[in-house]
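Numbering follows this note's numbering, with no gaps: position 414 of the sequence shown is 441.
Using N, Cα and C, we set each Cβ at its ideal position, and we do this for glycine too.
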Amino acid sequence: MATAAHEVTPAEASAHPAAESVVVRFAGDSGDGMQLTGGQFTLSTALAGNDLATFPDFPAEIRAPQGTLFGVSAFQINFGSTAIETAGDQPDVLIAMNPAGLKVNVDALKIGGLIIADAGEFTKRNLEKAKYDANPLTDDSLARWQVLSFDISQLTLDAVKPFGLGNKEALRCKNMWTLGLALWMFDRDRAPIVDWLKTKFAKMPVLAEANIAALNAGHAYGETAELGGGGLGDAGFKQHHIGVAPAEPGLYRTVTGAEAISMGLVAGAQLAGVPMFFGGYPITPASAILHHLSRLKEFGITTFQAEDEIAAIASAIGASYAGQLGVTSSSGPGIALKGEAMGLAIMTELPLVVVNSQRGGPSTGLPTKTEQSDLYQAVYGRNGDAPMPVIAARSPSDCFDVAIEAVRIATQYMTPVMLLTDGYIANAAEPWAVPDMSTYEPFPVEFLEDVPEGGFKPYGRDAKLARPWVKPGTPGLLHRIGGIEKAVDTGNIDYGAANHQQMTDIRRDKVANIVVPDQQVELGEDHGHLVVVGWGSTFGPIHQAVRRARKRGVDVAHVHLRHIWPLPKNLGALLGNYDHVLVPEMNTGQLKTVLRDQFLVDAKPLNKVSGQPFMIAEIEAAIDATTM
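Structure, rendered in structure tokens:
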């Protein structure tokens, strides 16, 4: 949903003088609707004018056994009246729908934070499934936190009883009861959720009314409940109002990385003036791109769900040969399968965008968890010398501009391009200022349609070393296509030693000489004691950690890379201006190795491969250790 934003006036600022943010985590069984609950709470938060960042965290199993530890689904949101760049380190509030949700998530909760638990689910059987020897709601094991426990299950059943639902259907409304309580806790409007429920269950009005009743009952409980004689406030939580975050005037909407990439690819194709063909195969967490693009056919988008990853990329290459922009997407395992075909696109020098939504690996690995471990694969992971531009998005909203940049490079340089995101970016949401597309410079494609003076050279070059793009069947412009080495200029088959050397050098130089912006410093000076260099989704925690350290007087700066290959021309000199280089990555040190190789800088790694994003505190501690 899009909302209009306005600049915060001094009067509004004085009405909410304290800069505040709160981190809330919903956790329960994968059938409890935690992602839906979190998504709707995000909607209400965005409409309230807060800045926000989310982190959906769900199990790999389609339907894990109910109540088990590995079936826990969670959704975390950090929202506030100031700029929010991460989903938050430690939750202030944990809403646990069952013992497993509590067990998996409670240690992440801030000391003194608030636990809200559905006591109705803490049965002997569910406690055993969660590996609890005793009920944590009644022993002293949760003494470090404040605890509110009440029978949400029974309260939901009472709320929806008039609608005559069966017990199973009635309990499915439990997440709406919980959402209603959360909306009360943070002074949120229920109206958008009511409208959404009416739309969602338009063909089943009884379910709509039951869910609305559960939502209202949860909200009313927050207003009227008396626990321990004093209501929710006595348990350490009173109704909390978070002020409006400052924002430039404009139209805003929440967006996930998958949505932003999809819209960016469409916008890029429009700026290039070519139709787009997307060939994909379902894989977590990349599948959402196929889903979103399939709903954008009115923009000249053709989507094709292939029988496998190889067919998906092969169809996209065929579309590029035919004069459309070929696009494909996957995650690490699927990108491995696409490797040979990427080599074909490099050899034939056709435009192609390959989106890699990285996840934990190797092999099937951690399908629903996040990682940055495909950088080597993106830069080096093909047979032969097969150079390919690689760019990386830093956040969900950044995916829009990065997708446009990928299309620009692909069409202007006649090359496949790898666009890196990850599971966190793909699924997370944040506010996005809907851009004015009239401010974007078009980069229209020019197909060769007539035989040039001096004859047609299919592998002749322009100043960028890009070969001409010719639609098949154009009179007088017949030429060979395929993966065998091409002769310079003519494109005929040529196994000659000198020719292969020359063509390999040309393909290398074309990519190496792609014009990318000079690297800028995100925060801090362009010289000093320490620079923290990141790429991809580490942007938020790095930026916040550097900001905190600088407030304490630490000499530290933040540099964040969008263009991974080729690297910005000024990057080596820039990094040389610092005494120390720290590279946080969700892998075992891949960008660190590239920087050492390219610039001979003594880059030091900070690595994490837990399937979870970096916490701000982890990077801040590493900064302190480096600057002591």
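If residue 541 and residue 436 are in contact, beta carbons under 8 Å, what's the gap, nearest whole angstrom?
Going by Cβ atoms, the distance from residue 541 to residue 436 rounds to 6 Å, so yes, they are a contact pair.
Which value, in whole angstroms, describes the spacing of the CA atoms of residue 301 and residue 531?
If I take the Cα positions, the gap works out to 29 Å.
Pick out the complete alpha helix (DSSP H) segments inside the segment 426–503, 4 residues or longer, and give them in chain order.
If we require 4 residues or more, the alpha helix (DSSP H) runs fully inside the segment 426–503 come out as 450–454.
Would residue 535 and residue 414 qualify as a contact pair, given that the criterion is a beta-carbon distance under 8 Å?
Going by C-beta atoms, residue 535 is nearer than 8 Å to residue 414.
Got a sec? Which residues, its chain only, sit under 7 Å from residue 146 by beta carbon, not counting five neighbours each side?
Taken in chain order, the residues that qualify are 164, 176, 177, 178.
What residue range is occupied by the uninterrupted beta strand (DSSP E) comprising residue 619?
Per DSSP, residue 619 belongs to no beta strand (DSSP E); it is in the alpha helix (DSSP H), 617–626.
Per DSSP, what are the beta-bridge partners of residue 611 in this structure?
According to DSSP, which records beta bridges pairwise, residue 611 is partnered with 633.
So what's residue 365 in DSSP terms, helix, strand or just coil?
Reduced to three states, the DSSP call for residue 365 is coil.
Which runs of the beta strand (DSSP E), 3 residues or longer, sit entirely within the segment 168–210?
You should have 173–177.
Who are the Cβ neighbours of residue 412 in its own chain at under 6 Å, not counting the five residues just before and after it?
Excluding residues within five positions, the ones whose Cβ falls inside 6 Å are 531.
Return the first residue and the last residue of the beta strand (DSSP E) that residue 639 is part of.
Per DSSP, residue 639 belongs to no beta strand (DSSP E) and is neither H nor E.
Does the beta-carbon of residue 233 have 16 or more other beta-carbons within 10 angstroms, so that it is buried, or is it exposed?
Exposed, because fewer than 16 other Cβ atoms sit within 10 Å of the Cβ of residue 233.
How would you write the range of the alpha helix (DSSP H) that residue 340 sits in, first residue to last?
Where residue 340 is concerned, the enclosing alpha helix (DSSP H) stretches over 336–348.
In whole angstroms, what is the alpha-carbon distance linking residue 139 and residue 345?
Each residue's Cα considered, the two are about 59 Å apart.
Comparing C-alpha positions only, which one of 70, 125, 82, 276 sits nearest to residue 219?
It is 70.
For residue 100, decide whether its Cβ has a neighbour in chain B, counting only Cβ atoms nearer than 8 Å.
Checking the listed chains, one finds no chain B in this structure; it contains a single protein chain.
Measure the C-alpha to C-alpha separation of residue 182 and residue 605 and round it to an integer number of angstroms.
Taking the straight line joining both Cα atoms gives about 60 Å.
So, for residue 527: in the same chain, excluding its five sequence neighbours on each side, which residues have a beta-carbon less than 8 Å away from its beta-carbon?
Result list for residue 527: 512, 521, in chain order.
When you compare the segment 321–329 with the segment 364–374, are there three or more beta-carbon pairs, one atom per stretch, that lie closer than 8 Å?
Segments in contact, no.
What is the rounded straight-line gap between the Cα of residue 358 and the Cα of residue 127?
Roughly 29 Å separates the two Cα atoms.
Here's a check: name, in chain order, each residue in its chain whose Cβ is nearer than 6 Å to the Cβ of residue 313, leaving out the five neighbours to either side.
Once the five neighbours on either side are set aside, the close Cβ partners of residue 313 are 356, 357, 358, 384.
Between the segment 453–460 and the segment 481–490, can you find at least three pairs of beta-carbon atoms closer than 8 Å?
Flag = no, the segment 481–490 and the segment 453–460 do not touch.
Could you tell me which uninterrupted beta strand (DSSP E) segments, each at least 3 residues in length, are contained entirely in the segment 68–149, listed from first to last along the chain?
Counting only runs of 3 or more, we get 78–84, 99–107, 120–123, 141–145.
Report the option in 135, 618, 129 whose CA atom is closest to the CA atom of residue 149.
Closest option to residue 149, Cα to Cα, is 129.
Under 6 Å Cβ to Cβ from residue 523, same chain only, skipping five residues before and after it: list those, please.
There are no such residues.
Excluding the 5 residues preceding and the 5 following residue 438 in the sequence, name in chain order all residues of the same chain whose CB lies nearer than 6 Å to its CB.
Excluding positions up to five away in sequence, the list reads 299, 378, 472.
Do you know how far the Cα of residue 167 is from the Cα of residue 335?
Going by the C-alpha atoms only, they are around 53 Å apart.
If you draw a straight line from the C-alpha of residue 102 to the C-alpha of residue 267, how long is it?
Straight-line Cα distance between these residues: approximately 20 Å.
Tell me whether residue 643 is buried or exposed, calling it buried when 16 or more other Cβ atoms sit within 10 Å of its Cβ.
The residue is buried, with at least 16 neighbouring Cβ atoms inside 10 Å.
Report the start-end ranges of each alpha helix (DSSP H) in the segment 265–324 that is 4 residues or longer and not cut off at the edges.
The segment 265–324 contains these whole alpha helix (DSSP H) runs: 284–299, 314–320.
Are the CB atoms of residue 100 and residue 82 nearer to each other than 8 Å?
Their beta carbons are not under 8 Å apart, which means residue 100 does not touch residue 82 by this criterion.
State the CB to CB distance for the pair residue 586 and residue 654, rounded to an integer number of angstroms; the pair is presumed to be in contact (CB under 8 Å).
16 Å between Cβ atoms; not a contact.
From residue 478 to residue 504, what distance separates their C-alpha atoms?
Cα to Cα, residue 478 sits roughly 7 Å from residue 504.
Within its chain, find whatever has a CB closer than 8 Å to the CB of residue 593; leave out the 5 residues flanking it on each side and keep chain order.
Here the set comprises 416, 538, 539, 540, 541, 543.
Residue 97: buried (16+ other C-beta within 10 angstroms of its C-beta) or exposed?
Label assigned to residue 97: exposed.
Three or more beta-carbon pairs under 8 Å between the segment 388–396 and the segment 416–431, yes or no?
Verdict: no, contact absent.
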